[in-house]
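Chemist:
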Amino acid sequence: MLERVRIILSHTSHPGNIGASARAMQNMGLNELYLVAPKLFPDPEATTRAKHATAILEQAVVTEDIDAALEQCTLVFGTTARDSSLGMPVLTPEAAMHLVAKTKKAAVLFGAERTGLTKMELQRCNYIISIPTSGAYISLNLAQAVQIICYEYCKNYQELSLSNEKCVVDIATADQLADFYSSLEQILIAIDMLNPSVPKTLMQRMRELFNRANITGVELSMLRGMLTAINRKLEDD
-9 MLERVRIILS
1 HTSHPGNIGA
11 SARAMQNMGL
21 NELYLVAPKL
31 FPDPEATTRA
41 KHATAILEQA
51 VVTEDIDAAL
61 EQCTLVFGTT
71 ARDSSLGMPV
81 LTPEAAMHLV
91 AKTKKAAVLF
101 GAERTGLTKM
111 ELQRCNYIIS
121 IPTSGAYISL
131 NLAQAVQIIC
141 YEYCKNYQEL
151 SLSNEKCVVD
161 IATADQLADF
171 YSSLEQILIA
181 IDMLNPSVPK
191 TLMQRMRELF
201 NRANITGVEL
211 SMLRGMLTAI
221 NRKLEDD
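Mapping of the sequence shown onto the numbering used here: residues -9 to 227, in sequence order.
#1: Would you give the residue range spanned by the alpha helix (DSSP H) that Val237 belongs to?
#2: Give the straight-line distance between the Cα atoms of Val136 and Arg(-4), rounded to the nearest whole angstrom.
#3: Can you list, in chain order, the residues of its chain with a C-beta nearer than 8 Å to that of Ala162? Leave out the 5 residues immediately preceding and following it.
#4: Taking Cβ positions only, does Arg(-4) come closer than 8 Å to chain D?
#5: Where does Ile205 sit, in a helix, a strand or coil, going by DSSP?
#6: Which same chain residues end up closer than 7 Å to Leu60 when comparing Cβ atoms and leaving out the 5 residues on each side of it in sequence?
#7: Between which two residues does the beta strand (DSSP E) carrying Ala45 extend?
#8: Looking only at its own chain, which residues have a Cβ that is under 6 Å from the Cβ of Leu178, when we skip the five neighbours before and after it?
#9: Please work out which residues of its chain come closer than 7 Å, Cβ to Cβ, to Ile128, disregarding the five sequence neighbours upstream and downstream, and give them in chain order.
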């Protein structure tokens, strides 16, 4: 059950934070770490801060973009201290980790230390996680945020272990959805619903809509079949 959660650190600037995050994961029994375009990695500072969690660093997967890091993930959470205008549900860490029981592979995204997750990265998420703070100073250290998320998942581990595997829903993976969005964009352009010079606004809303829906693999196949039929009709005409 602990392998259901993938921790993804995007554009981390300080290698020490990578090491400290690995240590936080090790404390709570998680071991799947993905790094998107880290500024410095591998690095001695990361190894030092990881303490006895160096195996997690050695097995960490480094990718150049967020979509590669999300491959095979069916539920994606983004962490942010900012108010989100993307229309996605905002959850506490505890509420978010309860949802993991319903999916095969979940990812939790953490943004760069200074800027957090970009709007593009947040658009890849199904839910936003907001860690409650006093309000006077809402920004947490990256490794602290990772520790809190991992703790909440570990705390719910026994409950998740007892959940019936039949309750796991075959949610479409992030990479499957990315392919679908690409096909959808082309169809919308073809029927003059989407202006190809400024596609972002409508496509952002489309992503929000489908991300909230938690579409299953079967439902996505149906939607892709619909796009194929529309495209075939357009070609015939």
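Where a beta carbon is used, it is the ideal one built from N, C-alpha and C, also for glycine.
Modeler: The structure says:
#1: Coverage of the chain is limited to positions -9 through 227, which leaves residue 237 absent and any answer about it impossible.
#2: Here residue 136 refers to the residue found at position 146 of the sequence shown. Here residue -4 refers to the residue found at position 6 of the sequence shown. If you take the alpha carbons of Val136 and Arg(-4), they lie about 11 Å apart.
#3: Position 172 of the sequence shown, counted from the start, is the residue given in the question as residue 162. Once the five neighbours on either side are set aside, the close Cβ partners of Ala162 are Thr64, Phe170, Ile205, Thr206, Gly207, Glu209, Leu210.
#4: The question asks about chain D, but that chain is absent: this structure has only one protein chain.
#5: Translated into the one-based positions of the sequence shown, residue 205 becomes position 215. Look at Ile205 here: in three-state DSSP terms it is coil, with no helix or strand label.
#6: Here residue 60 is taken as the residue at index 70 of the sequence shown, counted from 1. Short of 7 Å from the beta carbon of Leu60, and not among the five residues preceding or following it, lie these beta carbons of its own chain, in chain order: Val66, Ala97, Arg114, Ala164, Asp165.
#7: Your numbering for residue 45 matches position 55 in the sequence shown. Not the beta strand (DSSP E): Ala45 falls in the alpha helix (DSSP H), residues 44 to 49.
#8: Locating residue 178 in the sequence shown gives position 188, where the first residue counts as 1. The beta carbon of Leu178 sits closer than 6 Å to the beta carbons of Leu184 from its chain, once the five residues preceding and following it are set aside; these are given in chain order.
#9: Within the sequence shown, the letter at position 138 stands for residue 128. Here the set comprises Ala71.
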